[in-house]
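Colleague: The sequence shown runs -18 to -1, 1 to 481 under mature numbering (1 follows the signal peptide of the UniProt record, and there is no 0). Note that the Cβ used here is the ideal one computed from N, Cα and C, for glycine as well. Before we start, here is the structure in question, set down as structure tokens.
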Amino acid sequence: MAATIPVLTRMRSGFVLALVAQLTACSLPVVKTGAGIALPARWQSASSVDAAGVNAQWWQSFGSAELTALVEAAQQDSFDVAAAVARVRQADALVRVSGASLLPQIDAGVSVERTREVGYPMYNDYSGYFTASYELDLWGANRATRQAAIDTLGARRAERDAVALTLTADFANTWLQVLALRERAAIARQDLAAGERLLGFVESQYRAGAATVSNVAQQKTLVAQLTQSVAQYGQQAQYSRIALATLAGKPPQGFQVAGDSLDGLTIPVIGAGVPADLLTRRPDIAEAERKLAAADADVTVARAAMLPAVTLTADAGAGNTRLANLLEHPIYDLVAGLSAPIFHGGALAASRDLALAQREELLADYRASIVSALGDVESALNAIDGIMTRQRAQADVLDQAQIALQQVESRYRAGAQTLQTLLDAQRTLYAAKDEALQLKLARLQAAVALYKALGGGWDVKQENGVTSVAPATRAAAQAQFERGQPGWAISSTTIDGNS
């Protein structure tokens, strides 16, 4: 039996000391994330409710069976959601790929060669080999690569949920828009019918000599404007229905919406909780945090690339002209190899600097996502406050406009009021009706905006794999953010030297 075993068994102490010195020189203080932004204790808006508890199926809170059915179908059929789900599967596969570097790589093979040389009989040549290699993960590069893949998977899962939340909010808003436009068209048709009846009265007055051509023309102008409004609202409702079909991943041909009015819809009361809750309730914040964690791991990988690597390799092989005697004279090698970067033209240091800069970018993105989320909630709450105040005032406007038109029309028919005054009263009432309807739509859409701003009932604790540790408590989350740290644990990262 023949064996060749070139093994590195020892190194001079001077080399070891030099290596230790190199590692020491390459370690600098932990990256500081800088001063954070203090989370407010509560929302500024008077309409905010501390009690949190957004239903994950929040669209059901509007009390429409049609909206519930359409939303759930859209979530199943949306191409945007399907693409996001596919990205999750890709990230999951990359986690498995990255985990392979933590294990030995083993290969084996056999071959048969039939040979004939001049003057010799034909013979067979059998051979086989086995090889195994393993890189010692001394500096954690392989573990960090896998952790980066795990964090990327978490980011993709959170992204998928953010896409679904955006789709649902957009779908609900567009559905409400369809109903509001249909109702505006219906109100315009009612006003048109009233205008046409009054036009008939004015024309009879004209034939009796009690009205002028100008009076008839003015009322005809109002009727024409109402006719145009009916057509305009109907056209806009069709555009919104087509947009709704697109969001649902369906061809617009044959896609129907049965609802035609906002009447009967429930305006939900939404508990906004406190600002610190957003750290665990917004999928976009979780996505930004997981991307930052992945960048943290990438820095570790870039740092490890600047340090020596140790690889263990085992090879075995055998060959014979007779298959039965294949293993008579095996040959094997056991090799331990150490390699260290000496000069790469600054590429390794540049790669490390790139990873650090990318981490800083993602840290800024993470902070921005929190600030943006705070703004989203406050804007939605402020919108609800303002709309409710305007609705109360508009209700008085509408009541008074109806009373005024009734009195003016009675006086006009009695000959005690001018047509111009009647026309003004008509326009005031029509505008008041339309404004009241638009405020109702705005109030419903503000509720959708608040649901979305609060994360739509999403909770990081329910997402398997989004975070590597359990979410911090509310007080701890706020304290971490004020120190400039993410809401969930992220490993510390060291800055390397310029070696």
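Tell whether a beta-carbon distance below 8 angstroms holds between serine 106 and arginine 96.
Modeller: A small correction: the amino acid at residue 106 is asparagine; serine does not occupy that position in the sequence shown. A contact, by the Cβ cut-off of 8 angstroms.
Colleague: I want to know whether the region 301 to 320 touches the region 140 to 157 - three or more CB-CB distances under 8 angstroms.
Modeller: These segments do not touch.
Colleague: Quick check: the Cα distance between isoleucine 169 and glycine 216, rounded to an integer number of angstroms?
Modeller: Cα-Cα distance, rounded: 12 angstroms.
Colleague: Considering only DSSP beta bridges, list what threonine 293 is partnered with.
Modeller: BP columns for threonine 293 point to Glu117, Gly319.
Colleague: Report back the beta-carbon spacing between valine 205 and glutamate 185 to the nearest angstrom; my notes put them in contact at under 8 angstroms.
Modeller: No, valine 205 and glutamate 185 are not in contact; Cβ-Cβ is about 11 angstroms, not under 8 angstroms.
Colleague: Can alanine 418 and glutamine 376 be called in contact, C-beta distance under 8 angstroms?
Modeller: Their beta carbons are under 8 angstroms apart, which means alanine 418 touches glutamine 376 by this criterion.
Colleague: Kindly indicate which three-state DSSP category serine 46 falls into: helix, strand or coil?
Modeller: Three-state DSSP puts serine 46 in coil, outside helix and strand.
Colleague: Name the residue from Leu387, Ala386, Gln172, Asp297 whose alpha carbon lies nearest to the alpha carbon of isoleucine 313.
Modeller: Considering only alpha carbons, the answer is Asp297.
Colleague: For glutamate 99, which of helix, strand or coil comes out of DSSP?
Modeller: Three-state result, glutamate 99: coil.
Colleague: Based on DSSP bridge pairs, tell me the residues matched to alanine 90.
Modeller: Bridge partners of alanine 90: Phe112.
Colleague: Does DSSP put asparagine 37 in a helix, a strand or coil?
Modeller: Asparagine 37: coil per DSSP, three-state reduction.
Colleague: Relative to the C-alpha of leucine 294, which residue among Asp315, Ala284, Leu344 is closest?
Modeller: Of the listed residues, the one whose Cα sits closest to leucine 294 is Asp315.
Colleague: With distances taken from CA atoms, which of Asp358, Gln382, Val317, Arg409 is nearest tyrosine 116?
Modeller: Tyrosine 116 has its Cα closest to that of Val317, out of Asp358, Gln382, Val317, Arg409.
Colleague: Taking Cβ to Cβ, would you say proline 22 is nearer than 8 angstroms to proline 265?
Modeller: The answer is no: Cβ separation not under 8 angstroms.
Colleague: Just to check my reading of the structure: isoleucine 366 and alanine 413 have Cβ atoms closer than 8 angstroms, yes? What is that Cβ distance to the nearest angstrom?
Modeller: No, isoleucine 366 and alanine 413 are not in contact; Cβ-Cβ is about 24 angstroms, not under 8 angstroms.
Colleague: Within 10 angstroms of its Cβ, does asparagine 124 collect 16 or more other Cβ (buried), or is it exposed?
Modeller: The residue is buried, with at least 16 neighbouring Cβ atoms inside 10 Å.
Colleague: Find out if the Cβ-Cβ distance for the pair leucine 344, alanine 277 is shorter than 8 angstroms.
Modeller: Yes, the Cβ-Cβ distance between leucine 344 and alanine 277 is below 8 angstroms.
Colleague: Can you give me the C-alpha to C-alpha distance between alanine 192 and leucine 163, rounded to a whole angstrom?
Modeller: So the two alpha carbons sit approximately 39 angstroms from each other.
Colleague: On the CB-based measure, 16 or more other CB atoms within 10 Å of its CB, does valine 12 come out buried or exposed?
Modeller: Any reading at valine 12 must be qualified, since the residue scores a pLDDT of 36, below 50, and its modelled position is unreliable; no value is offered.
Colleague: Going by the DSSP bridge assignment, what does tyrosine 105 pair with across the sheet?
Modeller: According to DSSP, which records beta bridges pairwise, tyrosine 105 is partnered with Thr97.
Colleague: Distance check for glutamate 269 and glutamine 167, CA to CA, integer angstroms please.
Modeller: According to the sequence shown, residue 167 is alanine rather than glutamine. Computed Cα separation, rounded: 42 angstroms.
Colleague: Check whether the region 432 to 444 and the region 38 to 56 are in contact - that is, three or more C-beta pairs closer than 8 angstroms.
Modeller: Touching, yes.
Colleague: Just to confirm the assignment: which complete beta strand (DSSP E) runs, minimum length 3, are found wholly within the region 140 to 174?
Modeller: List check, beta strand (DSSP E) in window: nothing returned.
Colleague: Quick one: give me the first and last residue of the alpha helix (DSSP H) that lysine 273 is part of.
Modeller: From DSSP, the alpha helix (DSSP H) with lysine 273 extends over 265 to 286.
Colleague: For alanine 240, does the three-state DSSP call read helix, strand or coil?
Modeller: Coil at alanine 240, not helix or strand.
Colleague: Can you look up isoleucine 313 in the DSSP assignment and give me helix, strand or coil?
Modeller: Isoleucine 313: strand per DSSP, three-state reduction.
Colleague: How long is the line joining the alpha carbons of leucine 244 and leucine 158, rounded to whole angstroms?
Modeller: Cα to Cα, leucine 244 sits roughly 7 angstroms from leucine 158.
Colleague: Secondary structure at glycine 136, three-state DSSP: helix, strand or coil?
Modeller: Helix.
Colleague: Could you give the DSSP three-state label for glycine 301: helix, strand or coil?
Modeller: Residue state, collapsed to three classes: strand.
Colleague: With a CB to CB cut of under 7 angstroms and the five nearest residues on each side skipped, what residues in its chain are close to aspartate 59?
Modeller: Only Ala230, Gly231, Lys232 meet the Cβ criterion.
Colleague: So phenylalanine 44 and leucine 247 are supposed to be a Cβ contact under 8 angstroms. How far apart are they, rounded?
Modeller: About 5 angstroms; that satisfies the 8 angstroms criterion.
Colleague: Could you say if the region 278 to 290 and the region 70 to 82 meet the contact criterion of at least three C-beta pairs nearer than 8 angstroms?
Modeller: Short answer: they don't touch.
Colleague: If you reduce the DSSP assignment to three classes, tell me which class aspartate 406 lands in.
Modeller: Three-state DSSP puts aspartate 406 in a helix.
Colleague: Determine the contact status of valine 430 and alanine 240, defining contact as a CB-CB distance below 8 angstroms.
Modeller: The answer is no: Cβ separation not under 8 angstroms.
Colleague: Which whole-angstrom value is the C-beta distance of alanine 299 and glycine 110, which I expect to be below 8 angstroms?
Modeller: Checking the sequence, you will find glycine at residue 299 rather than alanine. That pair is a contact at about 7 angstroms.
Colleague: In angstroms with no decimal places, state the Cα-to-Cα distance between leucine 338 and glutamate 54.
Modeller: Straight-line Cα distance between these residues: approximately 42 angstroms.
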